[in-house]
Amino acid sequence: MKKMITKSLNVLLLLFIIILCGTTELRSQVVLNEIMFDPVFSEHSDEFIEILNISDSQSFDLTGWKVQDQQGSDSIIDSGMGTILKPGQYCLILDPDYFTDSKTYHTLIPDSTLVVTIDGSTFGSRGLSNSQNETVTLIAWNGKTITSHTYTSSINSGFSEER
11 MKKMITKSLN VLLLLFIIIL CGTTELRSQV VLNEIMFDPV FSEHSDEFIE ILNISDSQSF
71 DLTGWKVQDQ QGSDSIIDSG MGTILKPGQY CLILDPDYFT DSKTYHTLIP DSTLVVTIDG
131 STFGSRGLSN SQNETVTLIA WNGKTITSHT YTSSINSGFS EER
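Numbering (my numbering), first residue to last: 11 to 173.
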């Protein structure tokens, strides 16, 4: 009888853990919102990826998260504002060179936007492609894919793809 009760409790505990894990997953609460892959000015400093936390109540620490294209991945790092993405907040991921070589978007970025950068010198190994469609993926610190989007390279230069 004790073995049967213990086995039943173990099964219930396992079901509880499965349900708990299923409800606490990110479930695309952070989404890719905009991708600037072919800027009018420098492709080395003016490309960006914008993400949005669509959760009403959950913040996400972007420490250890990565953005990836078909050429490589880059870790998201703090640019001086921290890495906590609050509920309903936008986050702009900029090339590191933006901060020294450009200020193209400076007056357009709302104060409420979290601005971060990446550890590489460009997105992927050579920047985001502007000659072919490419998939951009957002990956959490634990290696799980949060969201991805394949943008269409046929958009005119200087226009970002928005979702």
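Beta carbons: idealized from backbone N, C-alpha and C, even for Gly.
Can you give the Cα-Cα distance for residue i and residue j, rounded to whole angstroms?
i: Q80; j: D71; result: 25 angstroms
i: I45; j: E144; result: 11 angstroms
i: N43; j: S135; result: 22 angstroms
i: S131; j: G137; result: 9 angstroms
i: K175; j: H116; result: With the chain covering 11 to 173 only, the question about residue 175 has no answer from this structure.
i: C31; j: K113; result: Unreliable placement is indicated for C31, whose pLDDT of 42 sits below 50; no coordinate value is reported for it.
i: N166; j: S139; result: 13 angstroms
i: G92; j: C101; result: 11 angstroms
i: I87; j: Q39; result: 20 angstroms
Going by other Cβ atoms of all chains shown within 10 Å of its Cβ, with 16 needed for buried, is residue i buried or exposed?
i: P49; result: buried
i: E172; result: exposed
i: L148; result: buried
i: T162; result: exposed
i: F169; result: exposed
i: F47; result: buried
i: D66; result: exposed
i: D84; result: buried
i: F51; result: exposed
Could one say the Cβ of residue i lies closer than 9 angstroms to chain D's Cβ atoms, at least one of them?
i: S83; result: Note that chain D does not occur in the displayed structure, where there is just one protein chain.
With residue i as the anchor, note down where its beta strand (DSSP E) starts and where it stops.
i: S158; result: T155 to Y161
i: T127; result: L124 to I128
i: T132; result: It is not in any beta strand (DSSP E) - T132 carries neither H nor E in the DSSP assignment.
i: I149; result: E144 to I149
Counting pairs of Cβ atoms below 8 angstroms between the segment 80-96 and the segment 112-130, do you hit three or more?
-> yes
What are the uninterrupted segments assigned as alpha helix (DSSP H) that are 4 or more residues long and contained completely in the segment 45-111, given in chain order?
-> DSSP runs (the alpha helix (DSSP H)) wholly in the segment 45-111: 108-111.
Between the segment 106-115 and the segment 39-56, are three or more C-beta pairs nearer than 8 angstroms?
-> yes
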